[in-house]
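Scroll down for the structure; my scribbles are underneath it.
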Amino acid sequence: MNLSAGGGFTDRAFNNTAYVVDRLGLAIVAGEYPERTMIPLDPDLEEMFGVSRTVIREAKKTLIAKGLLVSKAKVGTRVCPASDWNMFDPDLLRWHTMQRRPEQFLAELYEVRLIVEPAAAAQVASRAQPEDHALLAAKCTALANANRRDAFAIADLEFHKLVLHLSGNRFLQSLGDLVQAALYSLLASETDSGAPQRGPADFAEVVEKHRAIVRAIEQGSPEAARAAMQAVIQSARDEMERARHDPGTGA
């Protein structure tokens, strides 16, 4: 394989590596290679993907760094237990949202949101300035004005992302970005599936719950903001559960 002058892979090699990482990672998350089992040997993977041994090795290094694989000399490469996976890796989040039945992943995702986002809302209430209040109010207006299910969901995600960023805590901001990336991926997959669309009237209660968060922040009440955010996320989780049990209603 030819290397670029800078010592890195050519564009084609990089794209090949990314493709192998994506295909293998998705297969592992889907359970095609169960935990603690061996993945195919390098020559078999080379033939499977039509790439060089260098590409396979680089792809495996990437998956090892993500916690999905472990490699031992003279033994081979084995799939790690799911408890070892780096669940804050953007690719892992995306692969989970692409599963046919991501119920466990979604349940865990909402658990994280219930821990992180109420704390972020409380933090915002203690430090937000009038200009921040205006930004949050504008996000609520966008939520109220959304006229399609996908537009409503995007406006909802943007509101929560803003709260996390206004917290001023870089850990909350980074964690929030990863959680929101997973929700964006899930939204895209559900939109592509043709789920029924609903208008803004169906979401009036959701909009009012978001406005309650903004009011608590404007009043400088951390505990009220915490409770209001918790109510919003709990309601979203309940709605998700209802939709999963009755797919005809949409998410």
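Under full-length UniProt numbering, the first residue of the sequence shown is numbered 1, with each subsequent residue one higher. All C-beta atoms, glycine included, are put in the ideal place defined by N, C-alpha and C. Note that the coordinates shown come from a computational prediction; the quantities given were computed from them, not determined experimentally.
Of the listed residues the options, nearest to residue i (C-alpha basis)
{"i": "residue 104", "options": "87, 91, 120", "result": "87"}
{"i": "residue 296", "options": "59, 236, 34, 83", "result": "Only positions 1 to 251 of the chain appear in this structure, which leaves residue 296 out of reach."}
{"i": "residue 135", "options": "107, 166, 117", "result": "166"}
{"i": "residue 93", "options": "213, 25, 119", "result": "25"}
{"i": "residue 236", "options": "176, 70, 209, 84", "result": "209"}
{"i": "residue 85", "options": "75, 76, 74, 69", "result": "69"}
{"i": "residue 117", "options": "18, 175, 219", "result": "175"}
{"i": "residue 62", "options": "74, 150, 22", "result": "22"}
{"i": "residue 223", "options": "74, 119, 83, 75", "result": "119"}
Whole-angstrom C-beta distance between residue j and residue i, which should lie under 8 Å
{"i": "residue 20", "j": "residue 56", "result": "7 Å"}
{"i": "residue 91", "j": "residue 72", "result": "Actually they are not in contact, since the Cβ atoms of residue 91 and residue 72 sit about 24 Å apart, beyond 8 Å."}
{"i": "residue 47", "j": "residue 53", "result": "In fact, because the Cβ distance is near 11 Å, the residues do not count as touching under 8 Å."}
{"i": "residue 106", "j": "residue 229", "result": "Not quite, the Cβ-Cβ distance comes to about 18 Å (not below 8 Å), so this is no contact."}
Residues of its chain near residue i, where Cβ-Cβ distance is below 8 Å and the 5 sequence neighbours each way are ignored
{"i": "residue 37", "result": "78, 79"}
{"i": "residue 140", "result": "159, 207, 210, 211, 214"}
{"i": "residue 177", "result": "161, 164"}
{"i": "residue 231", "result": "209, 212"}
{"i": "residue 221", "result": "125"}
{"i": "residue 252", "result": "Outside the displayed range of the chain (1 to 251) lies residue 252, so it cannot be described from this structure."}
Same chain, Cβ closer than 6 Å to residue i, neighbours up to 5 away in sequence not counted
{"i": "residue 16", "result": "51, 55"}
{"i": "residue 28", "result": "68, 79"}
{"i": "residue 152", "result": "146, 203"}
{"i": "residue 39", "result": "33, 77"}
{"i": "residue 89", "result": "66"}
{"i": "residue 131", "result": "none"}
Distance CB(residue i)-CB(residue j) smaller than 8 Å
{"i": "residue 204", "j": "residue 217", "result": "no"}
{"i": "residue 234", "j": "residue 109", "result": "no"}
{"i": "residue 111", "j": "residue 81", "result": "no"}
{"i": "residue 157", "j": "residue 164", "result": "no"}
{"i": "residue 128", "j": "residue 143", "result": "no"}
Close-in-space but distant-in-sequence residues of the same chain around residue i (CB under 7 Å, 5 per side omitted)
{"i": "residue 31", "result": "none"}
{"i": "residue 137", "result": "214"}
**OP:** Report yes or no: do three or more beta-carbon pairs, one from the region 166-186 and one from the region 96-111, lie closer than 8 Å?
**Re:** yes
Original post:
Three or more C-beta pairs closer than 8 Å, one from the region 117-124 and one from the region 152-170: is that the case here?
Top reply: yes
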